[in-house]
Structures are given as structure tokens and as C-alpha cells.
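Line order of the protein sequences matches chains B and C. Going by numbering that gives the first Met the number 0, the first residue of the first sequence is number 0, and it counts up by one from there. Going by numbering that gives the first Met the number 0, the first residue of the second sequence is number 0, and it counts up by one from there. We put the CB at the ideal spot given by N, CA and C, even for glycine. I have placed the structure first, in the form of C-alpha cells, so that the comments after it can refer back to it.
Number of protein chains: 2
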Amino acid sequence: MSEPDPPGTLYLQIADAIAAPIRAGTLAHGERIPSVRELARRHGVALGTVVQAYRLLEDSRLIEARPRSGYFVAAPAAQQAGLPEPEASRPPASSLAVDVSSLAERVMCLAHEPGYVSFGAACPSPELFSQERVRRAVARAALRQRAALTEYTIGPGDESLRRAIARHALSLGCQLDPHDLVVTNSCLESIALCLRAVTQPGDVVALESPTLFSFLVILESLHLRALEIPTHPRTGLSVDALQQAFDKQPVKAVLSVPTLSNPIGATMPQTERRSLAQLVAERRVPLIEDVLCNDLAAHDEARRAVRAYDPTGHVMLCGSFSKTVAPGLRLGWVDAGRWSTPVARLKQATSGSQSAVLEHALADLLTQPGAEASRRRLRAALATRVDEARSLIARHYPAGTRVTNPAGGLILWVELPRGVDALALFQSCLEEGIVIAPGTMFSATDHFRHCIRLGLGGEWDEPHRAALKRVGTLATAMGQSPS
Amino acid sequence: MSEPDPPGTLYLQIADAIAAPIRAGTLAHGERIPSVRELARRHGVALGTVVQAYRLLEDSRLIEARPRSGYFVAAPAAQQAGLPEPEASRPPASSLAVDVSSLAERVMCLAHEPGYVSFGAACPSPELFSQERVRRAVARAALRQRAALTEYTIGPGDESLRRAIARHALSLGCQLDPHDLVVTNSCLESIALCLRAVTQPGDVVALESPTLFSFLVILESLHLRALEIPTHPRTGLSVDALQQAFDKQPVKAVLSVPTLSNPIGATMPQTERRSLAQLVAERRVPLIEDVLCNDLAAHDEARRAVRAYDPTGHVMLCGSFSKTVAPGLRLGWVDAGRWSTPVARLKQATSGSQSAVLEHALADLLTQPGAEASRRRLRAALATRVDEARSLIARHYPAGTRVTNPAGGLILWVELPRGVDALALFQSCLEEGIVIAPGTMFSATDHFRHCIRLGLGGEWDEPHRAALKRVGTLATAMGQSPS
């Protein structure tokens, strides 16, 4: 590629240079790799840069540290031989106006249409939730709070729900004041309100690359420019690259999903979170942190939000319980830190309060005994699917395919060989009644034309497994045909 | 007043010139007033201008036409002697940036706070709705549509509700296609979405003067400029004045409440509606029509929307059932005419769908037998209060007070003598535990410093009647003290 390297990716290049011979089998299990000091000398870089690269390789289970001996190539099982992960993204260093909504809209509609075998959406299917428990909570709330149905509600949301959310936020490592919380219609509405509170049309917003297409659609609708930041499929947004972007451009806000980002499922290490919190506080740039999927992370630590490291109020926290309690309640929340008042005002001015009955039902569901147990069950069910899907991909997708290995959640990001055009693959799949999400939906650049996102939250039965294989077969055929 | 007259108010001046001696008692019941032709000659204006003035005076029940005899002063009962109506507004001809949100926010919070006798809000109180019927509808919807609670919903809203809204719109004289309808969180959200779809920050939006403070708050939050158009307390927005504004300024949208406008309760005559529809179609300027209160109008004809006269799709229709079915369901709707697609996209992108269970409950409530009967009961209950309040005002408010005589609804707009400062009155009332809405909340100008809005939707008992009188006593004392 003739493009200059984007800023802050030096450690990624070093990591890639070491990963390549391991993935190719040139370096076998147990072989020693150079010490940090030696590698730093060889590449002429700082020790810290190599440490960062090695941490990444450790996280990727490609190398392992042995106490007092150094670094060694990890066992193939840990490497998950045959299933390399995608490399870090290298988006252009300039911001782009956004136009992805038509494709994204089409895919989302198809993804929810009956009659298709769908890997298009990123939401658990109804049978994964406790349908009857949710229904009872709504009926009970309607009975107990019947007055609320005929009262005009104003303000930031029912206090019982705001207290329940604040209590829930302890699992994110955050002590929130219920009075700073605003209940919204969705996590997306929370994010849109935050963006409206801190930006003007034409402003530059930094975000992960690739990113959730809904974010691009929001930016488009608010006439904002997207600055995509290099992002690694395991460790997420590069804080170094972000810092360098701050130096060069008037970034007015950062929008990030530190835990189980969408579409690549990256989870940022805690040290990076701390750096990110410090950086945005120093530069006084608001960070809009989406914690929608934190409850789906496999490990407690990964649930801890960047906000937990920010005593300054620069992190605006946005969430909902659509992925873990019930998507149909249509309730999100936001604690906008130092922008709490303008966000509350914007919500009141341009949308108004949510239904107090649904708010009560959700408060009830969040505080019921067994709420944590049902989250654990959901995580386990999704983990099984994701593992099974990864082995199907290993066996049935074209040689050279890379796939993410997310620490939880329900999506896989698949990097196909460059010869495969994901949009054409999307069309071929559609003709066979299968919906996938093409990579071009997730970036204002065209860097992901050979990538697809597979959502595994839908049903998971023999036809779905067969369809998942079939996507691989179609991709293989495409890679072989002359383009 | 040294300000030049705003455009399009000539007929209002002629009407005022005739109304003054009638109100003063100089012209008594039964006396003949000049013919249209004679008056046109006397003032040197077109016949049409005088016809418009006379129509206004007829609507105001000040004069009456006798077939083949001419126009005569109407009977005092019809005039409601002692209770003159406010005159048409005369806002400045230039647009203004908007900043009313702090005061409006404070008043709205107080209006809903327990412990106050509140005339601050403009919503019927809970006991005026069928609480138990609403509760049952919600519980039934949760049971029947339990799957909807655990499904991720996308799109413009449940089809049963969109069909029910389209059927309801027949009473507005509108044939809507359910597929063009988008369900929202409130009528306000519908309006905000329409504004976002057709304007950019800095654009000029024309609206009634005075206008609903929530509209000013929306404009403020979207960085839009308000151009207030002369508005008569009985006939609403002056279409002539609007036309002249179009000639002089780049008006990008019109926001209007043709039926029972807030705060002055004006209801535009059907001929004016037709002209307004033609004007916006000719000039290709979107008209955002708020039909929130059309169901509260005393007569069927007044429920007919401007949209009914617009075959071109320039009228964006916004409504909800918060005033007639249940405010706590938090559901609004919009049919944005030729802007349906961008509005649907904006809603999806920045907020998402509403709760399908509440949508089903509302569809059920709208189509149940007895829905129309309960609307009739509500209208009758409100009409009794409004009449009673008007006679209390006639007896207890300072000499020179004017008050609107709306054709339905639940608010009165009171123009106190100019010596009374409404903000000071608001403070004095507050000290006695009474909430009123000061006129300055309803305009970006300071033209309404001596006006207040009284909302009569709350409870209506002896303490409320006493409080309403007390407001008058306080105003009287203020008018007499040296300012």
C-alpha cells in the first residue's frame, strides 16, 4: 500500500511483524522471540512501544511470557491455528463526510424480515430473554402505576429507574448520581443527544474504524464529519493514534465502544482505558462512551468503563438494557458528566420523557433477584454459538480468511481474502435467503470491501449452521473467479 | 406606539376600529354598522380587506349579519360584555434568536409539582381520562404481544397503530397512507424531526405570536431563528402577514397550530386554512402543522386540518393523543408529506422505534367503541371549567383585562392592563402557592409582559376557584402600585 502509515500505529506494525511468521508456522510453539530491549534496538523505537506490541500479542494469545525467561511462541491451541485475527485498521488521517444510510437501512430491514436466515442483526433473539418475566413486570407496573398512564410526565425519568441504573453502573466501576441520569428512548438516542450537546454541524468526531453503521448514520443526520481512528480487533481504539489526531485536527468529540465494539468486537485493555480517560480530560474533549454491550463481556474486568477512570466529567456514558433485559422496552440512559444539564434539556425539548410505566417495569426487572443469573445464562449461550461459528468458519471459509475472537458478545468480524467483494457476496447470499452485513456499512472509507459482520444472536439451528457454511462456500467461489 | 405596523394586519386594524366603540358601549346592540362598500371607501382599502375584518368581528360575536339588511351590533350575551378579547399580536418583522428555556423549564417543573395550585400546565389532569381502560389496554397488549417485549423493533411503528391513526385522521379531513406515518415519542418529537428534516442551523422559521414556549425551546436547541407572525386570538396566524414575510425573508419552514393554538387558543377559519395550504404549496415552503388539540375543538369543522386542503404534500402533519387518550403512553405521530422518508430516517437514526406494546395498547384504545364518547365527555368537562373561569376573571380581574374566548380546549390567555408585570405577578402568585405561566414564556419578543396563560386542565375545586380569584386580586394591586 502506498498510503503513509497513520499515526500511533508503530506498535501495531511491530506486532504484525512478529505475528506474521508465527501465523505462517515459521516460528513454532515454544520458540523464543527477541527480548523487548533487543527488538527496540533492532527497530530503533522506544522500549514502551515494544512493550505495547508484546502486550497485544499476549492478548492475542500468539505469544506467552515465561517468568524470568522471556517471551515464547504460544501453543497452537491458544493461537487457534488456522483462524488468524484481522489486523489493525488503517483509516485515512482526514475526516470524511458520511453516507452509508441507504445500504445500512436495507440490510437492517432484511435482517429482521421473516423468511431469511439472518446474520444481519446484532441483537439476541427473543427466546434468549425471559419473555414471561418481562411481560409480568409490565403488567404489574401498569397496575401499580396506573396513574402514571394518565399523567403528563416531564423530567429526566422515574427515580426508581434512575436509582436502579446507578446501582447497575457499579458493575461498570462507576459511581453515578441518579440525579445526573436521563432516561431516553435508546442508547442511540443517548448518543445522538450527547453529540448534539457538544458539537455543531461540520464538526469532526473521532471514532473507531470500522465502527457501528448506526453511528455513521447519526453523524450523517447531524451533518458531522467522521474521523476514523486506527483500531485493533482485540484492543480497540488506538489511544496513541487518537492523541496524534488531536494534535492535527480540531476533534470536537470522541465516540467509542471500549467493550465489545461493533463490528469488530474489540475490548480495550484497562491500561488503555486509563490513558484514554486522561487524554480526553487533558484535551477537554468529550468522550461519548457506549457501554451497551459491557454486560455481555466474558470477564468482569472488561465491563469496567472508561468513565471509571475519569473524575473530571469529560466522559459521557450511554447505555441501555436492550441486549440483556428486553429490547422491546425501548429505554436507554445517559449520564453526560459535565454536560448533564444541556443533555437533559435537549431531551425534554425535542422528545420529552419516556413512559413511566415501562420505566417502572425496567426498574423492577433490574432489581429482581436472578437478574445477574439470567445475564450469565445469556453470555454462556452466546459464547457457545460464537465458538461453534468460529470452527465452522475455520473449516468452510476460503484460505486466507481472518476472523475476530471477541471476549464475549454475539458478533464475528470476518476478513475475507481481498479478491472477495463483500457487497457482491451480500447479494449472492440474499439470493439464497441469507442475510449478512457487508463491511462497507461500517466505515465512511472503502477499506472493508472484503469484510463481513456475522451476527449470531438470532436462532441457532441446523439451517443456520448450513447457511453459515454456505456463506463460506460462496465466498470461496468468488475468490476463485476472475474479478 | 411608534413601531410601524407589521404587514398583513390592515384588516385587523379595521376590525379593531369597529370593535372599540362596541366594546366601550358607544355602539349598542342592534345598531347598524357601515356596509362593506362604504367602509372600504372610507378607509381607502379593497372590499376584500373589509370582508375579512367583518368575518373576524362575526367570529368574535361582536357583530351579526342580517340577511338582506346588512351588519348590526350583536347582542351583549354573545359579546360577553365586560370580557373583551385581546387584540391581534404585532411582533417585529425581523427574526430573533431564541432564549426562553430557563423560565419555561422552571414554570413547567413548578406546574407539575405537588403542593401548588397549578394553572401552569396545559394538559388535562389524570381524573379526566379513563385510567382503568388505559391500564387494561396496556396489560392486554403486554399479554397478547408479549413477544414484542423481547424483540428488537425497527421501522416506523406498529402497523395496527399506524392504521388506527390513519383512520382517526379522517376526522381531521385527511386521507393518510399508513405507510407514510411514523410513530414518535411525542408530538414535540414529531415537530423536532420535521424541523431537522427541512432546516439547517441559522434558518428562519415562521410561527404564531405568541407561540407555545416548547416551540421556542425546540428552535433554540436546533439553532433556528424565530420569525413571529401577527396572530389574532380568534382567527390565528395571519396568512396575509405570512405571505408578506415570505416576500421579504428566506423563511425555510412555517410551524403553526391552526386549531386551538397555544397560548391564545385561536382557531383559524376554514377559508384561511385553504389560503395557507395554497400559499405554502406555491412557495414550496414546508408547513409543520400541529394537530395535537384538534380533538378538543368544540365543533367538527374546526377539527379539519390545513393538510386537508393540501394535495401537494407540503404540509407535515404532527399529532399525538396525549390530550385525549392518555398522556403517559408517550406516543406521537407524524405524516411528513413529501418529507416522509427523511423524517422516518432521522427518527430511526437518532432515536429508534417506540415500544410495540404501548403502540398496540394505543391502537386498541383508539379503535375501541366509546372512544368518541369519552372525547365528547372530556370536551364538555373542559368547556364548563373554561366558562366558569371566564366569569371569575370578569368579576375579579383588574379593569381593562382582556381574555380569550377559545372554541374549545383548556387554556385562557389573559391580557392584563399594561401596568401589570406578569413576571412579578408570577412571583407573587408563587409565594402564595399558585402557579401561572407568564406571557414572556411565549415569545422571543418582550411584547407579552402583561399577559398570562391559565391552564384549566388540572383539578377544579373550591381552592382552585379561590386561587384563580386571588391571581386577579394580586394583579389589581400591582396595576395600582406605582411601577
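Report the rounded CA-to-CA distance for residue i versus residue j, giving the unit in angstroms.
i, j, result
"LEU9 (chain C)", "ARG302 (chain C)", "28 Å"
"LEU236 (chain C)", "ALA379 (chain C)", "26 Å"
"ARG89 (chain B)", "LEU391 (chain B)", "28 Å"
"GLU458 (chain B)", "GLY119 (chain B)", "12 Å"
"GLU57 (chain B)", "ALA205 (chain B)", "27 Å"
"PRO177 (chain B)", "GLU188 (chain C)", "25 Å"
"LYS346 (chain C)", "LEU192 (chain C)", "7 Å"
"ALA80 (chain B)", "ARG374 (chain B)", "Any reading at ALA80 (chain B) must be qualified, since the residue scores a pLDDT of 45, below 50, and its modelled position is unreliable; the value itself is stated next. If you take the alpha carbons of ALA80 (chain B) and ARG374 (chain B), they lie about 31 Å apart."
"THR210 (chain C)", "LEU365 (chain C)", "29 Å"
"TRP412 (chain C)", "THR475 (chain C)", "17 Å"
"ARG389 (chain B)", "HIS395 (chain B)", "10 Å"
"PRO405 (chain C)", "LEU82 (chain C)", "13 Å"
"SER1 (chain C)", "GLY318 (chain B)", "A caution first: SER1 (chain C) carries a pLDDT of 37, below 50, which makes its placement in the model unreliable, though a value can still be read off. Their Cα atoms are separated by approximately 56 Å."
"SER352 (chain C)", "LEU223 (chain B)", "23 Å"
"ARG337 (chain C)", "LEU180 (chain B)", "37 Å"
"ARG145 (chain B)", "PRO285 (chain C)", "39 Å"
"MET267 (chain B)", "THR234 (chain B)", "4 Å"
"ALA168 (chain B)", "GLU371 (chain B)", "13 Å"
"ASP299 (chain B)", "LEU171 (chain B)", "9 Å"
"HIS446 (chain B)", "ARG452 (chain B)", "14 Å"
"ILE21 (chain C)", "ALA64 (chain C)", "15 Å"
"LEU226 (chain C)", "ALA443 (chain C)", "9 Å"
Quick check on residue i: buried or exposed, where buried means 16 or more other Cβ atoms within 10 Å of its Cβ?
i, result
"CYS108 (chain B)", "exposed"
"LYS251 (chain B)", "buried"
"HIS449 (chain C)", "buried"
"ASP420 (chain B)", "buried"
"ARG67 (chain B)", "exposed"
"THR383 (chain B)", "exposed"
"ALA466 (chain B)", "buried"
"GLY369 (chain C)", "exposed"
"GLU104 (chain C)", "buried"
"GLY331 (chain C)", "buried"
"ARG40 (chain B)", "exposed"
"GLN479 (chain B)", "exposed"
In the DSSP assignment, the beta strand (DSSP E) including residue i goes from what residue to what residue?
i, result
"ALA471 (chain B)", "Residue identity check: residue 471 (chain B) is Gly in the sequence provided, not Ala. Not the beta strand (DSSP E): GLY471 (chain B) falls in the alpha helix (DSSP H), residues 461 to 479."
"HIS231 (chain B)", "224 to 231"
"GLU288 (chain C)", "286 to 289"
"ALA64 (chain C)", "62 to 65"
"VAL250 (chain C)", "250 to 255"
"GLU207 (chain B)", "203 to 208"
Between which two residues does the alpha helix (DSSP H) carrying residue i extend?
i, result
"ILE17 (chain C)", "9 to 22"
"GLU37 (chain C)", "35 to 42"
"SER220 (chain C)", "212 to 220"
"GLN243 (chain B)", "238 to 247"
"ARG483 (chain B)", "Given that chain B is displayed from residue 0 to residue 482, the structure contains no residue 483 (chain B) and the question cannot be resolved."
"ILE164 (chain C)", "158 to 168"
"LEU171 (chain B)", "From DSSP, LEU171 (chain B) is part of no alpha helix (DSSP H); its letter is neither H nor E."
"LEU148 (chain C)", "145 to 148"
Per DSSP, residue i is paired with what?
i, result
"GLU30 (chain C)", "Note: GLU30 (chain C) sits in no beta bridge, so no partner."
"ILE451 (chain C)", "C:VAL413, C:PRO437"
"GLY318 (chain B)", "B:TRP332"
"SER185 (chain B)", "Paired residue(s): none; SER185 (chain B) is not in a bridge."
"GLU281 (chain C)", "In the DSSP output, where bridge partners are listed per residue, GLU281 (chain C) has none listed."
"GLY312 (chain B)", "Per DSSP, none; premise fails for GLY312 (chain B)."
"LEU180 (chain B)", "B:ASP334"
"LEU69 (chain B)", "Correcting the residue identity first, residue 69 (chain B) is Gly in this sequence and not Leu. The partner list for GLY69 (chain B) (beta bridge, DSSP) reads B:ARG65."
"GLY456 (chain C)", "For GLY456 (chain C), which the question treats as bridged, DSSP gives no partner whatsoever."
"ALA494 (chain C)", "Only positions 0 to 482 of chain C appear in this structure, which leaves residue 494 (chain C) out of reach."
"GLY235 (chain B)", "B:HIS231"
Following a CB-centred definition, is residue i positioned closer than 6 Å to any heavy atom of the ligand COA?
i, result
"ALA16 (chain C)", "The ligand COA is not among the ligands present in this structure, which contains no ligands whatsoever."
Can you check the region 72 to 142 of chain B for any alpha helix (DSSP H) of at least 4 residues that lies completely inside it and give the ranges in chain order?
75 to 78, 100 to 110
At what residue ranges does the region 363 to 421 of chain B contain a whole run of the beta strand (DSSP E), taking only runs of 3 or more?
410 to 414
Counting only runs of 4+ residues fully inside the region 321 to 365 of chain B, write out the alpha helix (DSSP H) ranges in chain order.
339 to 349
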